[in-house]
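Numbering (our numbering), first residue to last: 793 to 1000.
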Amino acid sequence: MSTLIERTTVTSAVDRLGVSAACSCEEEEVIARAKTGDASAWTVLFDCYYPTLYRYAYARLRLREDAEDVASQAFMVALRGIHTFNYRGKPLLAWLYRVTRNLVAEHLRRRRSLGETFDRLRAGTVSPALAAPEDMVDAYDLLDAVSQLTKDQREVIILRFLVSLPTKQVAHILGKKEEAVCSLQARAINALRRQLADHSPLLETSSP
793 MSTLIERTTV TSAVDRLGVS AACSCEEEEV IARAKTGDAS AWTVLFDCYY
843 PTLYRYAYAR LRLREDAEDV ASQAFMVALR GIHTFNYRGK PLLAWLYRVT
893 RNLVAEHLRR RRSLGETFDR LRAGTVSPAL AAPEDMVDAY DLLDAVSQLT
943 KDQREVIILR FLVSLPTKQV AHILGKKEEA VCSLQARAIN ALRRQLADHS
993 PLLETSSP
């Protein structure tokens, strides 16, 4: 799948991993501080998770401003509801992802028309973190194809390759076994190969 990632320039070199190991190992302590209203704790959580939520939202919405709004709204929801979050070894990211996914769905419902969406795309709001100028057409072809996958396949592809999460974490977030995630990934990649048959360089060396 490396060719797919390289061709679309999904993540920048400085933000490739999404969630750092430091975020994970200190998460329980930081969450406890955030519950007390500690502003510095919220800064840590924001810095750790905003880029990941933004990339997910952008992959679904494909408009930079909308993705920024949704990722920011997700943290506002978290700010209001953090007291209800009980840390039981499950990452905060799983909760934030569900919040973001719901906000994305709500945002899509509010969009007036497909015509308005294309007008805004033509205005030039492509995120440099998602596509380099020379790969812009390939990136949009890919995202169009991803949008046509089944819901589960789409979520797996976005979380695995656009957000760069490992299979184990994707399985946890989606509430599925790792084997199921791998199966969904394989079927999704095969579907993308078929849909992008006219753009074979994107997937010609890809593998699950």
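Where is the CB? At the ideal position from N, CA and C, for every residue including glycine. Every value quoted in this text rests on a predicted model; they were computed, and no experiment measured them.
* How should Leu-900 be labelled, buried or exposed, when 16 other C-beta atoms within 10 angstroms of its C-beta is the threshold for buried? -> exposed
* CA nearest to the CA of Arg-902, picked from Leu-853, Arg-986 and Tyr-841 -> Leu-853
* Inter-residue Cα distance where the pair is Ala-849 and Asn-878 -> When only Cα atoms are considered, Ala-849 and Asn-878 end up about 25 Å apart.
* If you count every other CB in all the chains shown that lies within 10 Å of the CB of Thr-828, and 16 or more means buried, which is it? -> exposed
* Asked: With 16 as the cutoff for other CB atoms within 10 Å, does Thr-844 come out buried or exposed?
  -> buried
* Asked: Excluding five sequence neighbours on each side, which residues of the same chain lie with their C-beta closer than 7 Å to the C-beta of Glu-860?
  -> So the list reads Tyr-846, once near-sequence residues are dropped.
* Asked: Apart from the five residues on each side of it in sequence, which residues of its chain come closer than 6 Å, Cβ to Cβ, to Ala-989?
  -> none
* With a CB to CB cut of under 7 Å and the five nearest residues on each side skipped, what residues in its chain are close to Ala-937? -> Hits under 7 Å: Leu-984, Gln-987 and Leu-988.
* Asked: So the alpha helix (DSSP H) Arg-986 belongs to, where does it begin and stop?
  -> Per DSSP, Arg-986 belongs to the alpha helix (DSSP H) from 970-987.
* **8 Å Cβ cutoff met for Ala-980 and Val-955** => no
* Can you tell me whether DSSP reads Leu-951 as helix, strand or coil? -> helix
* To do: Report yes if the CB atom of Lys-969 is closer than 8 Å to the CB atom of Ala-978, and no otherwise.
  => no
* Is the beta carbon of Phe-867 sitting closer than 8 Å to the one on Tyr-842? -> yes
* To do: For Ala-824, count neighbouring C-beta atoms within 10 Å of its own C-beta (all shown protein chains included) and say buried if the count is 16 or more, exposed if not.
  => exposed
* Asked: What is the residue span of the alpha helix (DSSP H) that Ser-832 lies within?
  -> 831-853
* Asked: Measuring CA to CA, which of Asp-933, Ala-886, Lys-882 and Asn-982 is closest to Thr-942?
  -> Asn-982
* Asked: So, Ala-897 versus Ile-965, is the Cβ gap smaller than 8 Å?
  -> Contact check for Ala-897 against Ile-965 fails: the beta carbons are separated by 8 Å or more.
* Asked: Among the residues of its own chain, which have a CB less than 7 Å from the CB of Phe-838, if the five just before and after it don't count?
  -> Phe-867
* In terms of residues, what are the limits of the alpha helix (DSSP H) holding Thr-942? -> It is not in any alpha helix (DSSP H) - Thr-942 carries neither H nor E in the DSSP assignment.
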